[in-house]
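All remarks here apply to the structure that follows.
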Amino acid sequence: MPSLSRAASLQAYRALSGLDFLKLLCGAGKYKQRSEQTHDQVHGPLLADSPPGEVGCLLLGDSMFERFKTTGKHTKLGQVGFPKLLNAGVGGDKTSNVLYRLGAKELYAGLKQRGIKLSILHMGSNDLTPKRGLTAEILDEYGLALETLRRVSPEVVILVTGIFQRKDVGQGLVDQSNLDLQQLVEDFNNLDQTAKVHYIPPDSDVTLDKLVDHAHLNEEAYEIFARTLLRKVDELGLMSQLQADGIDT
């Protein structure tokens with residue numbers, strides 16, 4: 001999709017009333033059984049059963065974040081617990097499945113009460129196929145997720161992480177998809193002067209030999225990934241959102 005058309009879609013999202021936006025969000029999501037189960041059994045209860053208060057950082061996306069609880073648990077980021085960090089990653093989630101959790105499963109509503117200042121997104125990898133990268137429709141869905149997080153907390157800083165190399169998708173498709181994500185971030189920030197969205201490219205040190213299968217990172221790659229994210233968080237002056245758990249740089 002040309003950047004001008006995507007910018008128009010982003011502007012349309014921004015113009016919607018709260019009720020109309022919620023209807024759009026709920027309609028845009030796509031059900032996946034594991035998405036629903038993980039929300040109902042893990043993420044939802046964390047928010048519902050804990051006392052009111054801020055969530056320092058939200059990780060939202062797919063298995064790249066969910067596996068910070070397993071393969072990446074040794075990293076500084078993997079050791080941060082709730083409520084300083086809510087890891088809302090679900091393995092296998094496409095962008096539309098993340099929208100399903102935000103809308104139909106009411107994650108959006110739950111997050112609005114938590115004063116989130118920092119949100120990190122990793123989406124899009126599961127939307128790729130061997131024959132195509134991110135489509136215009138998927139980029140629109142991604143833009144809708146960005147607008148959702150902005151509405152969760154107008155002061156939120158959002159980090160959009162690029163897609164890592166995959167063994168089953170050509171590098172050219174991955175590279176083009178990351179360029180499209182970078183352009184999406186630029187378009188989103190151009191809507192007004194208050195947007196605080198930053199694109200973080202995938203670290204070039206995370207090469208194919210650091211994957212445990214066709215797409216997932218090994219322990220060394222998670223160390224690199226976590227270090228890259230924390231470096232950016234520190235650069236933005238947001239380490240205080242995580243430091244109560246002993247995180248340092």
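Under the UniProt record's numbering, the first residue of the sequence shown is numbered 1, with each subsequent residue one higher.
Note that the Cβ used here is the ideal one computed from N, Cα and C, for glycine as well.
Taking L229 as the reference, give the member of L22, L25, T135 and L59 with the closest Cα. L59
How about L16 and L10: do their beta carbons lie closer than 9 angstroms? The criterion of a C-beta distance shorter than 9 angstroms is not satisfied by L16 and L10.
Pull up the distance between the alpha-carbon of V174 and that of Y142, whole angstroms please. 16 angstroms
Taking the alpha-carbon positions, what's the G29 to I138 distance? 11 angstroms
Just reading off the alpha helix (DSSP H) that T95 is part of, what are its end residues? T95 to L102
Tell me Y199's beta-bridge partners as DSSP assigns them. Residue pairing of Y199 in beta bridges, as defined by DSSP: V160.
Report the start-end ranges of each alpha helix (DSSP H) in the stretch 11-71 that is 4 residues or longer and not cut off at the edges. 18-28, 33-38, 44-49 and 63-66
Opposing strand residues paired with I120 [DSSP bridges]: L59 and L159
Contact set for L144: own chain, Cβ-Cβ below 8 angstroms, skip 5 residues either direction: Y13, L24, L25, A28 and L99
Could you tell me how far apart the beta carbons of D203 and F188 are, in whole angstroms, since I believe they sit closer than 8 angstroms? Actually they do not touch by this definition, with Cβ atoms about 23 angstroms apart.
Determine the direct distance from the alpha carbon of L242 to that of V80, and round the result to whole angstroms. 7 angstroms
Simplified DSSP assignment, three categories, for R166: coil
For N218 and P201, believed in contact at Cβ under 8 angstroms, the rounded distance: The distance from the Cβ of P201 to that of N218 is about 20 angstroms, inconsistent with a contact at the 8 angstroms cut-off.
Hey, how far is the Cα of T95 from the Cα of G133? 13 angstroms
Separation of D168 from H214, as counted between CA atoms: 6 angstroms
Indicate the three-state DSSP secondary structure (helix, strand or coil) for T148 in the structure shown. helix
Could you check whether Y222 and H74 sit closer than 9 angstroms to each other, using their CB atoms as the reference points? yes
Same chain only: Cβ atoms within 8 angstroms of L128, ignoring 5 sequence neighbours per side: L134, I163, R166, V169, L173, V174 and S177
Bridge partners - A221, DSSP secondary structure assignment: In the DSSP output, where bridge partners are listed per residue, A221 has none listed.
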